[in-house]
Amino acid sequence: MVAVEKDMGFQIMKILNNTPFEVKALPLRGPEGRTVLTVVVKGTFDICSGEKAEAASEQIPIAFGDEFYDEKNGGSVKFESDVAPFKPRADIVLVGKAYAPHGGSVYALDVSLHVGHVKKTIRVIGDRRWKCSSRLLPEHFSRPQQFSIMDLVYERAFGGIDTHSGGYCKENLAGRGFFAKKSKKTLDGALLPNLEDPAKLIKSWKDHPMPAGFGFYGKAWMPRAGYLGTYDDKWRLEHSPDPPEDFRFDYYNGAHPDLQVKGYLKCDEEVELVNLTPEGTVRFHLPGIRVNCAVSKSFEHLFADESALGASKGDDLDAVEQDGINEELEEGKEIEEAEEASPVSEKVELKPDTLCLIPDEKRFYLVWRGLCPINDLSALEVNTIEVW
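For this note's numbering, add 220 to where a residue sits in the sequence shown, where the first one is 1.
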């Protein structure tokens, strides 16, 4: 399949896509402020219990913006944009629900996600409320209500905003159960979180645990927001519109901090989902495939970088290019030979940096991402991108 792409006014290039997956090429600012062409490949697969996953007949498109659970009022993100120049680690994300065993009802249960050596468990608890109606009794919470199915969203995890005191949970603005100050007016009858870490269960209103979740983590929440860096007068005068010097690409990792994998994924890991489907426990393997990429650059741009021409800072690039042309003419070469030379191809390593499981739809997607250095965001430099 051959697709002709025109991305962000950057250029017109051919994408030779020999896979069933979605492919895009995005000109972005990469690590150390380098100009890069980021190649994004997004593959959707069917979940087949006990088997190795196969490519789905319907592929999920590459997302250029975040999709919220509540598009009108915001809150937590359901699916995050696939646009990112680089991720220093792999993200493991699950978008789904907790299911009581055998279609019954429970007061609480544990759900777990296991991918390779990474495992995370969440205690899911029915609705409870704080009680502090008597001065003679310490604050306590009600017995949980039974449930059969519960959404695993950060609105049900610890966090939120204490509107009475003006305080808020920096780690989860969308959650519930956060109190900056104790008062009967604010505490009595307030909902507790439904999702908790079983090793750090809430026992007091003073407890401020890390929010428990499998979903995409808010960009405005800590610690993720802290990676954005410092936007002050120095940045405005010296770096704008580029990111500040202390910007860290960790910001682009969108998974819960507990579900970010150093060294990326191998793509052949075993996946185990417990109480995340009506079936109870589901096991399968990631597809075990490797996606390859090569980028062909036009000959005239191979020496566009001044350093490649032997130019030092402040030299006239046109003069250097003219010197090169003169040398070729002196050797009896024709300029047309250089212009008609075949494009040079270079391989781009694609790293599997995102796994998003959607068990309710019996599918998941993987995202591979790779960087190709280019000279200018607006240069007509890349002729062809081939993915196989």
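Note that the Cβ used here is the ideal one computed from N, Cα and C, for glycine as well.
For clarity, every value in this text was computed on a predicted model and none was experimentally measured.
Range of the contiguous alpha helix (DSSP H) that encloses residue i
i    : result
R583 : R583 -> not in any alpha helix (DSSP H); beta strand (DSSP E) instead, spanning 583 to 593.
R456 : 453 to 458
L372 : L372 -> no alpha helix (DSSP H), and no H or E assigned at all.
T406 : 404 to 407
Nearest-angstrom Cβ-Cβ length linking residue i and residue j, presumed shorter than 8 Å
i    : j    : result
P464 : G449 : 4 Å
V256 : P461 : That belief does not hold up - the Cβ atoms of V256 and P461 are roughly 16 Å apart, past 8 Å.
L236 : E492 : At roughly 37 Å, the Cβ-Cβ gap does not stay under 8 Å, so L236 and E492 are not in contact.
D478 : K340 : 5 Å
G409 : R349 : 5 Å
L591 : T239 : Rounded, the Cβ-Cβ distance is 19 Å, inconsistent with contact.
E391 : P418 : Actually they do not touch by this definition, with Cβ atoms about 18 Å apart.
E416 : R510 : 39 Å between Cβ atoms; not a contact.
P572 : L485 : 4 Å
F265 : E274 : 6 Å
G397 : I422 : 7 Å
V260 : V481 : Not really, about 18 Å apart at Cβ, beyond 8 Å.
H384 : F434 : Rounded, the Cβ-Cβ distance is 31 Å, inconsistent with contact.
Counted within 10 angstroms of its Cβ, other Cβ atoms place residue i as buried (16 or more) or exposed
i    : result
I555 : Low local confidence applies: a pLDDT of 36 at I555 is under 50, so the model's placement there is unreliable, with the coordinate-based value given in what follows. Exposed, because fewer than 16 other Cβ atoms sit within 10 Å of the Cβ of I555.
T501 : exposed
K307 : buried
R609 : Because the chain in this structure spans residues 221 to 608, residue 609 falls outside the shown range and cannot be described.
L575 : buried
C268 : exposed
W608 : exposed
L333 : buried
P443 : exposed
N473 : buried
A377 : buried
L372 : buried
E601 : buried
E271 : exposed
S296 : buried
G380 : buried
D311 : buried
E291 : exposed
L357 : exposed
E242 : buried
D302 : buried
E300 : buried
G316 : buried
Simplified DSSP assignment, three categories, for residue i
i    : result
D573 : strand
S277 : coil
P579 : helix
R444 : helix
P247 : strand
D417 : coil
V469 : In the sequence as displayed, the identity of residue 469 is Phe instead of Val. Here F469 sits in helix by DSSP.
L496 : coil
E566 : strand
E601 : coil
L357 : coil
H334 : strand
G294 : strand
H505 : strand
D286 : coil
E252 : helix
D478 : helix
G323 : helix
S410 : One detail in the question is off: residue 410 reads as Ala in this sequence, not Ser. Coil at A410, not helix or strand.
W350 : strand
N237 : strand
R396 : strand
D427 : coil
I381 : strand
K401 : coil
K272 : strand
E391 : coil
N-terminal and C-terminal residue of the beta strand (DSSP E) that residue i is part of
i    : result
F436 : Unbroken run through F436: none, as it is neither H nor E.
C487 : First-last for C487: undefined, no H or E at that position.
I345 : 338 to 345
A514 : 513 to 517
Y319 : 317 to 319
F644 : The structure shown has nothing for residue 644, since the chain only spans 221 to 608.
V303 : First-last for V303: undefined, no H or E at that position.
D311 : 310 to 314
Near the ligand ADP: residue i beta-carbon under 7 Å from a heavy atom
i    : result
L479 : In the structure shown, the ligand ADP is absent, as is every other ligand, since no ligand is present at all.
is_contact[residue i, chain C] using C-beta, thresh 8 Å
i    : result
V259 : Included in the structure is just one protein chain, with no chain C present.
*Are three or more beta carbon pairs between the stretch 351 to 371 and the stretch 464 to 473 nearer than 8 Å?*
no
_Between the stretch 266 to 284 and the stretch 564 to 572, can you find at least three pairs of beta-carbon atoms closer than 8 Å?_
no
*Give a yes or no on contact between the stretch 398 to 414 and the stretch 451 to 458, applying the rule of three or more CB pairs nearer than 8 Å.*
no
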